[in-house]
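Structure, as structure tokens:
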Amino acid sequence: MLPILILFLSMLSCNNSKTKQNPQLKKSIERGATVYEDFCMQCHLPDGKGVPQTYPPLDNSDYLMNKRKESIKAIKYGMSGEIIVNGKTYNTAMAPLGLTDAEVADVMNYITNAWSNKNLNMVTVNEVSKIQP
Numbered sequence: 052m053l054p055i056l057i058l059f060l061s062m063l064s065c066n067n068s069k070t071k072q073n074p075q076l077k078k079s080i081e082r083g084a085t086v087y088e089d090f091c092m093q094c095h096l097p098d099g100k101g102v103p104q105t106y107p108p109l110d111n112s113d114y115l116m117n118k119r120k121e122s123i124k125a126i127k128y129g130m131s132g133e134i135i136v137n138g139k140t141y142n143t144a145m146a147p148l149g150l151t152d153a154e155v156a157d158v159m160n161y162i163t164n165a166w167s168n169k170n171l172n173m174v175t176v177n178e179v180s181k182i183q184p
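Just so you know, we're using my numbering here: the sequence shown kicks off at 52 and counts up by one.
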């Protein structure tokens with residue numbers, strides 16, 4: 052019985068080490084939550100579900116999670132034109148928000164880890180700085 056318990060506890064500790072969040076990512080997500088509240092929540096809503104046919108969802112968004120550069124670019128410079136999110140077409144312009152590269156990175160880290168989204172691949176200020184209009 053004791054060897055089984057030891058095996059079980061070692062499996063738990065291995066699983067916990069894999070799910071521990073990078074401390075830098077955790078701080079970025081916390082800062083990003085504030086940016087989201089100040090700049091994004093009005094359109095994309097507190098739950099990230101967006102407004103049907105007007106503002107796309109960020110929660111469980113295939114666009115956000117699969118089009119990283121395009122998502123960063125939209126936050127950094129705004130966007131216009133049609134996009135398809137989860138099989139639905141959206142064509143509402145997003146104005147440039149005037150965020151710094153650090154704020155863009157932080158809000159990206161927040162929205163890609165909020166609600167049902169999970170992304171341990173941290174968006175960095177350096178990555179954001181390389182995105183051009």
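Don't be surprised by glycine CBs; every beta carbon is placed ideally from N, CA and C.
DSSP places residue 140 within a strand segment (E or B) once states are collapsed to three.
About 16 Å separates the beta carbons of residue 99 and residue 157, which is beyond the 8 Å limit, so they are not a contact pair.
The C-beta separation of residue 146 from residue 129 comes to about 5 Å, placing the pair in contact by the 8 Å criterion. Remark: C-beta atoms of residue 181 and residue 155 do not approach each other more closely than 9 Å. For residue 125, the uninterrupted alpha helix (DSSP H) run begins and ends at 119–128, by DSSP.
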